[in-house]
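A short write-up of the structure that comes next.
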Amino acid sequence: AGTSYLWSTGASTSSISPSISGSYTVQVINASGCQSAASAASVVTVNAIPATPTITAGGPTTFCTGGSVTLTSSAGTSYLWSTGATTASISPAIGGSYTVQVTNSGCQSAASVATVVTVNALPATPTISASGPLTFCAGGSVTLTSSAGTSYLWSTGATTSSISPSIAGSYTVQVTNANGCQSVSSAATVVTINVLPATPTITAGGPLTFCTGGSVTLTSSAGTSYSWSTGATTS
2 AGTSYLWSTG
12 ASTSSISPSI
22 SGSYTVQVIN
32 ASGCQSAASA
42 ASVVTVNAIP
52 ATPTITAGGP
62 TTFCTGGSVT
72 LTSSAGTSYL
82 WSTGATTASI
92 SPAIGGSYTV
102 QVTNSGCQSA
112 ASVATVVTVN
122 ALPATPTISA
132 SGPLTFCAGG
142 SVTLTSSAGT
152 SYLWSTGATT
162 SSISPSIAGS
172 YTVQVTNANG
182 CQSVSSAATV
192 VTINVLPATP
202 TITAGGPLTF
212 CTGGSVTLTS
222 SAGTSYSWST
232 GATTS
């Protein structure tokens, strides 16, 4: 308290609000007009705000679901990301705009320019349709066709939308969409190929040369059913 005041800044109010670093003193004058000696100095230190940080991406910022990218801030004493994270780096797997602020000497920077992360959806799991029976005899085949995609990858390595396997096995397909994202594998389609019977033999029940009015019995080796060159279907 005093009747009037004289600060080292020249101000004459009872209070001042310095925003510049420096040593500040005050003298007071009483009702008799006598001025005091200067007060002990109050040292005000104003630390600079850190430069606006930058973000460096450790890979592409556009990727498919299941991926991620590491975003790293330029140097600071401590960090505050728009996600609430306080580490120097984050690895977002969700699309969005990411910013960071850094703190030095207790002063926090402005937020960085946003880094936009785009996460593209995977295509739906494809399905396989068959053009005919999946079980057939050796020498046959069936056409398997994938549901729609931009590109295709079969378990055989084929990259067409359809394949025609003639070998028994389980067949799957993955599709890629316009964003370059690959689906999970389809459910397997099982192709079964049955082997052909051995070439049959014919056994004659008597001489193969005989006079008009005679006959001979020809018997096939074993099978489930028969088809003779005459059209007969007996053994």
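Just so we're aligned, residue 2 is where the sequence shown starts under the working numbering, counting upward by one.
Each residue gets a CB set at the ideal place from its N, CA and C atoms; glycine is no exception.
From the options, pick the residue whose C-alpha is nearest to that of residue i; which is it?
i	options	result
T84	S216, V101, S148 and S222	V101
Y80	Q109, S69 and V118	Q109
S16	Y6, Q175 and S113	Y6
V47	S106, G11 and T14	S106
S37	T26, G170, G97 and I56	T26
T73	A52, V45 and V103	V103
G158	G150, T173, T151 and A149	T173
A169	W155, P124, T53 and V196	V196
A41	S33, T57 and S9	S9
A131	S221, T193, W229 and I30	T193
Measure the alpha-carbon distance for residue i versus residue j and round it to whole angstroms.
i	j	result
T225	F64	58 Å
T128	G68	24 Å
T204	P198	17 Å
V191	Q175	16 Å
I50	A112	12 Å
A76	T160	47 Å
A179	G59	24 Å
A12	Q28	11 Å
S43	V70	49 Å
T235	T202	14 Å
On the three-state DSSP scale, how would you describe residue i?
i	result
S237	Because the chain in this structure spans residues 2 to 236, residue 237 falls outside the shown range and cannot be described.
N48	coil
S229	In the sequence on display, residue 229 carries Trp and not Ser. Three-state DSSP puts W229 in coil, outside helix and strand.
F64	strand
V70	coil
C182	coil
S221	strand
L7	strand
For residue i, is the beta carbon positioned less than 6 Å from some heavy atom of the ligand NAD?
i	result
S98	For the structure depicted, the ligand NAD is absent and the ligand set is empty, with no information on it obtainable.
### Task
Would you check if there are 3 or more beta carbon pairs closer than 8 Å linking the segment 138-157 to the segment 165-182?
yes
### Message
Quick test of the definition: if touching needs 3 or more C-beta pairs under 8 Å, does the segment 89-106 touch the segment 129-141?
### Response
no
### Message
Three Cβ pairs or more, each shorter than 8 Å: is that satisfied between the segment 209-220 and the segment 180-191?
### Response
no
### Message
Between the segment 52-69 and the segment 108-126, can you find at least three pairs of beta-carbon atoms closer than 8 Å?
### Response
yes
### Query
At which residue ranges does the segment 87-162 contain complete alpha helix (DSSP H) runs of 4 or more residues, listed in the order of the chain?
Listed in chain order, nothing qualifies, since the segment 87-162 has no complete alpha helix (DSSP H) run of 4 or more residues.
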